[in-house]
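When we follow the numbering used here, the leftmost residue of the sequence shown carries the number 53, and every step to the right adds one.
All residues carry an ideal CB built from backbone N, CA and C; glycine is no exception.
Working notes, beginning with the structure itself.
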Amino acid sequence: MMLQQIDHLGIAVNSLDEAIPYYENALGLKCEHREEVASQKVRTAFFECGQVHIELLEPMSEDSPIAKFIAKNGEGIHHIAFRTDNIEGQLKQASDNGVRLINEVPVDGAGGKLVAFLHPKSTRGVLTEFCMPK
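What follows is the structure, given as structure tokens:
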């Protein structure tokens with residue numbers, strides 16, 4: 053069991069339609085795909101930059117975690133996601149070391165992955181995600 057690499061950086065935005073042109077035009081990245089993740093109440097857009105992806109996150113409703121984040125912090129970096137080959141093992145390792153889990157079991161996430169989050173109060177203020185292809 054081990055983390056394999058940084059998978060993506062999640063960035064909260066009010067509107068994908070307004071944010072995507074910045075990444076495409078000013079930075080020269082290409083939007084690979086857009087996806088709706090109903091379980092997280094979010095619409096996503098992904099850009100590849102080397103081995104790491106940028107995931108834009110647009111809230112689907114006012115009660116979504118992303119909407120709450122934007123209301124409190126404004127648009128910006130929301131989380132860092134690490135790819136793992138054993139998401140359950142990573143959660144156990146984190147929990148065994150006193151880290152508070154947001155997800156005790158993985159849930160379906162964007163891109164056909166299983167995801168689980170660690171609470172930022174236990175991770176020095178950084179919302180941390182583990183992700184693993186299904």
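So the candidates are His-131, Ile-106, His-105 and Ile-139; which of them puts its Cα closest to the Cα of Pro-117? Sequence index remark: in the sequence shown, residue 117 carries index 65 (1-based). Per the Cα distances, His-131.
Cα-Cα separation, Glu-100 to Phe-182: Counting from one through the sequence shown, the residue named residue 100 turns up at place 48. Counting from one through the sequence shown, the residue named residue 182 turns up at place 130. In a straight line, the C-alpha of Glu-100 is about 18 Å away from that of Phe-182.
Using the Cβ count rule (16 or more neighbours within 10 Å means buried), how would you classify Lys-165? As a first step, residue 165 is located in the sequence shown; it is residue number 113 there, counting from the start. Flag for Lys-165 reads buried.
Take His-85 and list the residues in its own chain whose beta-carbon comes closer than 7 Å to its own, dropping the five residues that flank it on each side. As a working note, residue 85 is residue 33 in the sequence shown. Within the same chain, His-85 has close Cβ partners Phe-98.
Name, in chain order, the residues that DSSP records as bridge partners for Ala-95. Translated into the one-based positions of the sequence shown, residue 95 becomes position 43. Here residue 95 turns out to be Arg, not Ala, going by the sequence shown. In DSSP, Arg-95 forms a bridge with Glu-88 and Glu-110.
Hey, is the stretch 129 to 143 in contact with the stretch 61 to 80, meaning 3+ C-beta pairs nearer than 8 Å? yes
Can you find the residues in the same chain that come closer than 8 Å, C-beta to C-beta, to Phe-121, ignoring five residues on each side of it along the sequence? Stepping through the sequence shown from its first residue, residue 121 is reached at position 69. These residues qualify, in order along the chain: Ala-64 and His-130.
Identify the residues that DSSP records as bridge partners of Val-159: which are they? The sequence position of residue 159 within the sequence shown is 107, counting from 1. In DSSP, Val-159 forms a bridge with Val-167.
Assuming Leu-81 contacts Tyr-75 under a Cβ cut-off of 8 Å, what Cβ separation, rounded to an integer in Å, is found between them? Here the question's residue 81 lines up with position 29 in the sequence shown. Here the question's residue 75 lines up with position 23 in the sequence shown. With a Cβ gap of about 5 Å, Leu-81 and Tyr-75 count as contacting.
With a threshold of 16 other CB atoms inside 10 Å of the CB of Arg-95, please say whether the residue is buried or exposed. For the purposes of this step, residue 95 is identified with residue 43 of the sequence shown, where counting begins at 1. Arg-95 is classed as buried because its beta carbon has at least 16 other beta carbons within 10 Å across all chains shown.
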